[in-house]
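One structure is given here, and the rest of the page talks about it.
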Amino acid sequence: MTAGQPAAVVVVRLVPAPPDVVYAEWTNPEAFREWMCPRPAVATGIAVDPRPGGKLRIDIEDRGQEFFVAGKYLTVDPPSTLSFTWWCSTWPIDTPTSVVTVSFEARPGAATLMTIRHEQLPDHLLQQHETGWRVIAGQLAARTHSSTA
Amino acid sequence: MLRALRGGEARITDLARDEPVSFAAIARHASVLENAGLIRRDVRGRDHWLSMEPAGLERAQRWIDEQTSFWQERADLLVERLSRRRRSQ
Numbered sequence: 084m085t086a087g088q089p090a091a092v093v094v095v096r097l098v099p100a101p102p103d104v105v106y107a108e109w110t111n112p113e114a115f116r117e118w119m120c121p122r123p124a125v126a127t128g129i130a131v132d133p134r135p136g137g138k139l140r141i142d143i144e145d146r147g148q149e150f151f152v153a154g155k156y157l158t159v160d161p162p163s164t165l166s167f168t169w170w171c172s173t174w175p176i177d178t179p180t181s182v183v184t185v186s187f188e189a190r191p192g193a194a195t196l197m198t199i200r201h202e203q204l205p206d207h208l209l210q211q212h213e214t215g216w217r218v219i220a221g222q223l224a225a226r227t228h229s230s231t232a
Numbered sequence: 003m004l005r006a007l008r009g010g011e012a013r014i015t016d017l018a019r020d021e022p023v024s025f026a027a028i029a030r031h032a033s034v035l036e037n038a039g040l041i042r043r044d045v046r047g048r049d050h051w052l053s054m055e056p057a058g059l060e061r062a063q064r065w066i067d068e069q070t071s072f073w074q075e076r077a078d079l080l081v082e083r084l085s086r087r088r089r090s091q
């Protein structure tokens, strides 16, 4: 880790399915239940609302211990990018806010290069990110409005 | 900045002299690192002395290690699930 760079985790996999199928695995509660919560952990509740600002929450029971991960969707751009904030209730309370960004790139043979990037953001960067989102959401709303007027 | 502090403690003024950025930028960056628990600050007289907080770096590394194995496991399960689905088609 060098100065100025927040902690970041990158996991890359070649997945044997096209991007739209892999993307759907991240927004489908039933799929989530299977691969996001490996046994013996059990997902006792899953709520996903994949649109900007929509909430994501997974309640988990693992060998008698109950905890949850929760976040809010930031980027919802099927089938290429999905990003959301991510907080686990078992983390120390002073852990900086983290953001998960998953990108899906088509590869030959109906495959997908899936990149999961999980990083901790200093507060001022997160605020910039959210401001950016509000601007984009505002533009989208304005466009929808003018096309229906 | 963390690299500069590896040799021991330093004042913001010293760091601003060695790096091609302003005093204000260094001070801002120091606050971010301080909030993240990566450096500590001692105020002696008018000078703010900065030094590394090794426990903070260890905590950051532990977080990276934990999240890496978390996502590796999930990514592998996702690949397995879609491989099974492709074989059954």
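So the sequence lines, in the order shown, correspond to chains A and F.
Take 84 as the starting number for the first sequence in my numbering and just add one per residue.
Take 3 as the starting number for the second sequence in my numbering and just add one per residue.
For each residue, glycine too, the CB sits at the ideal point set by N, CA and C.
Sub-8 angstroms separation of residue i and residue j beta-carbons
i                : j                : result
Met54 (chain F)  : Ile66 (chain F)  : no
Tyr156 (chain A) : Pro179 (chain A) : no
Ala26 (chain F)  : Leu52 (chain F)  : no
Arg116 (chain A) : Ala100 (chain A) : no
Ala189 (chain A) : Thr198 (chain A) : no
Gly192 (chain A) : Trp169 (chain A) : no
Ser166 (chain A) : Thr173 (chain A) : no
Ile14 (chain F)  : Ala29 (chain F)  : yes
Pro112 (chain A) : Val98 (chain A)  : no
Asp145 (chain A) : Pro123 (chain A) : yes
Trp118 (chain A) : Arg83 (chain F)  : yes
Glu75 (chain F)  : Pro121 (chain A) : yes
Minimum Cβ-Cβ distance from residue i to chain A less than 8 angstroms
i               : result
Glu36 (chain F) : no
Ile66 (chain F) : yes
Gln69 (chain F) : yes
Leu52 (chain F) : no
Glu75 (chain F) : yes
Val23 (chain F) : no
Arg88 (chain F) : yes
Val45 (chain F) : no
Arg48 (chain F) : no
Leu17 (chain F) : no
Asp42 (chain F) : It is worth fixing the name first, because residue 42 (chain F) is Arg in this sequence and not Asp. It does not: the Cβ of Arg42 (chain F) has no partner Cβ on chain A nearer than 8 angstroms.
Arg13 (chain F) : no
Chain-order list of residues whose beta-carbon lies under 6 angstroms from that of residue i (same chain, five-residue window excluded)
i                : result
Val93 (chain A)  : Arg200
Arg43 (chain F)  : Glu36, His50, Leu52
Pro133 (chain A) : Thr110, Tyr156, Val159
Val152 (chain A) : Ile141, Cys171
Thr184 (chain A) : Ser166, Arg200
Ala18 (chain F)  : Phe25, Ile28
C-beta neighbour in chain F for residue i, strict 8 angstroms
i                : result
Gln99 (chain A)  : In the sequence under discussion, the amino acid at residue 99 (chain A) is Pro, which differs from the Gln named in the question. Chain F, which has a Cβ nearer than 8 angstroms to the Cβ of Pro99 (chain A), makes this yes.
Gln211 (chain A) : In this prediction, Gln211 (chain A) scores a pLDDT of 49, lower than 50, which makes its location untrustworthy; the coordinate-derived value is nonetheless stated afterwards. Not closer than 8 angstroms to any Cβ of chain F, the Cβ of Gln211 (chain A) fails to qualify, so no.
Val104 (chain A) : yes
Val92 (chain A)  : yes
Arg96 (chain A)  : yes
Pro162 (chain A) : no
Pro112 (chain A) : no
Trp170 (chain A) : no
Ala135 (chain A) : Reading the sequence as shown, one finds Pro at residue 135 (chain A) and not Ala. Chain F contact via Cβ: absent.
Pro121 (chain A) : yes
Glu144 (chain A) : no
Pro191 (chain A) : no
Neighbourhood of residue i by C-beta distance below 8 angstroms, restricted to the same chain and skipping five residues each side
i                : result
Val81 (chain F)  : none
Asp103 (chain A) : Pro161, Pro162
Ala114 (chain A) : Ala107, Glu108
Glu149 (chain A) : Thr127, Asp142, Ile143
Neighbourhood of residue i by C-beta distance below 7 angstroms, restricted to the same chain and skipping five residues each side
i                : result
Arg96 (chain A)  : Met197
Leu7 (chain F)   : Ile41, Leu52, Ser53, Met54
Val2 (chain F)   : This structure cannot settle anything about residue 2 (chain F), because the visible part of chain F is limited to 3 through 91.
Phe187 (chain A) : Pro102, Val105, Tyr106, Pro162, Ser163, Thr195, Met197
Taking contact to mean at least 3 C-beta pairs separated by less than 8 angstroms, is the stretch 153–171 of chain A in contact with the stretch 104–123 of chain A?
yes
Any alpha helix (DSSP H) of 4 or more consecutive residues that is wholly inside the stretch 133–161 of chain A:
none
Could you pull out every unbroken alpha helix (DSSP H) segment of at least 4 residues lying fully inside the stretch 47–79 of chain F, listed in chain order?
none
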